[in-house]
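J.:
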Amino acid sequence: AGRAVREQPASSAVRFGCTQLEWRRLQQLTRAARVVHSELGEYYADRAVAATLPERGRRLASRPAAPFLGSVGGYLSEEEQAAEFKRLAAAYPSWLAPPETVGRSRQGRPIWLLCASRDLLGCRPSRQAGDERGGKPAVLYTALLHAREPAS
Numbered sequence: 001a002g003r004a005v006r007e008q009p010a011s012s013a014v015r016f017g018c019t020q021l022e023w024r025r026l027q028q029l030t031r032a033a034r035v036v037h038s039e040l041g042e043y044y045a046d047r048a049v050a051a052t053l054p055e056r057g058r059r060l061a062s063r064p065a066a067p068f069l070g071s072v073g074g075y076l077s078e079e080e081q082a083a084e085f086k087r088l089a090a091a092y093p094s095w096l097a098p099p100e101t102v103g104r105s106r107q108g109r110p111i112w113l114l115c116a117s118r119d120l121l122g123c124r125p126s127r128q129a130g131d132e133r134g135g136k137p138a139v140l141y142t143a144l145l146h147a148r149e150p151a152s
């Protein structure tokens with residue numbers, strides 16, 4: 001259960017999420033910090049609902065299945081993100097290559113690669129010189145680069 005807090009000395013403000021232990025340590029160091037949202041999951045859920053209000057009632061007719069809403073305030077957990085990558089690759093086999101693990105983070109978490117390209121051209125590096133199709137990713141999306149940044 002994380003907490004999003006805000007500190008306002010002078011005119012600057014810092015918002016971040018922290019664990020209960022981190023919050024207690026922060027309180028020992030300063031009394032200038034205050035809790036803005038006591039439950040980080042609820043904060044993300046409320047933010048996700050507010051962001052979709054203008055879109056309510058709209059749905060793409062060509063979409064085979066609505067994207068999965070994750071368990072972290074509507075965002076996907078690590079396991080849910082891996083399952084969603086696999087679901088998307090299965091739903092769009094001519095556009096998405098199966099997800100690959102291309103390394104591990106410092107915490108040992110998998111770093112995923114999902115290549116999206118028309119007819120999968122460019123998803124594998126070309127082994128022949130002069131082949132224009134090889135090694136050119138069509139799309140690059142990144143997520144979870146910063147601490148507590150949800151994937152969407």
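In full-length UniProt numbering, the protein residues as written are 1 to 152. Don't be surprised by glycine CBs; every beta carbon is placed ideally from N, CA and C. Please read these numbers as outputs of a predicted model, since none were measured by experiment.
Which one of 48, 115, 20, 92 has the shortest CA to CA distance from residue 76?
T.: Walking along the sequence shown from the start, residue 76 turns up at place 76. The shortest C-alpha separation from residue 76 is found at 48.
J.: Quick test of your reading: residue 104 and residue 98, contact by CB under 8 Å. State the CB separation rounded to the nearest angstrom.
T.: As a working note, residue 104 is residue 104 in the sequence shown. As a working note, residue 98 is residue 98 in the sequence shown. Actually they are not in contact, since the Cβ atoms of residue 104 and residue 98 sit about 19 Å apart, beyond 8 Å.
J.: Around the C-beta of residue 29, are 16 or more other C-beta atoms found within 10 angstroms, so that it is buried, or is it exposed?
T.: On the sequence shown, position 29 is the one that residue 29 refers to. Exposed, because fewer than 16 other Cβ atoms sit within 10 Å of the Cβ of residue 29.
J.: What's the C-alpha gap between residue 16 and residue 87?
T.: The count along the sequence shown starts at 1 and reaches residue 16 at position 16. The count along the sequence shown starts at 1 and reaches residue 87 at position 87. Cα-Cα distance, rounded: 32 Å.
J.: Is it right to say residue 44 is buried, meaning 16 or more other beta carbons lie within 10 angstroms of its own, or is it exposed?
T.: Stepping through the sequence shown from its first residue, residue 44 is reached at position 44. Residue 44 comes out buried.
J.: Excluding the 5 residues preceding and the 5 following residue 85 in the sequence, name in chain order all residues of the same chain whose CB lies nearer than 7 Å to its CB.
T.: Here the question's residue 85 lines up with position 85 in the sequence shown. Excluding sequence neighbours, residue 85 sits near 99, 112, 114.
J.: Whose CA, out of 90, 31, 101, lies closest to the CA of residue 78?
T.: If you number the sequence shown from 1, residue 78 lands on position 78. Out of 90, 31, 101, 101 has the C-alpha closest to the C-alpha of residue 78.
J.: In chain order, which continuous runs of the alpha helix (DSSP H) of length 4 or greater are located wholly inside the region 21-52?
T.: DSSP runs (the alpha helix (DSSP H)) wholly in the region 21-52: 40-52.
J.: According to DSSP, is residue 76 helix, strand or coil?
T.: Translated into positions along the sequence shown, residue 76 becomes position 76. In the structure shown, residue 76 sits in a strand (DSSP, three-state: E or B).
J.: Taking its Cβ as the centre, do 16 or more other Cβ atoms sit within 10 Å of residue 81, making it buried, or is it exposed?
T.: Here residue 81 refers to the residue found at position 81 of the sequence shown. With 16 or more Cβ atoms within 10 Å of its Cβ, residue 81 is classed as buried.
J.: Using the DSSP secondary-structure output, state which residues sit across from residue 103 in a beta bridge.
T.: Within the sequence shown, the letter at position 103 stands for residue 103. Note: residue 103 sits in a beta bridge opposite 111.
J.: For residue 108, does the count of other Cβ atoms within 10 angstroms reach 16, so buried, or fall short, so exposed?
T.: For this step, residue 108 is matched to residue 108 along the sequence shown. Answer is exposed; the Cβ neighbour count stays below 16.
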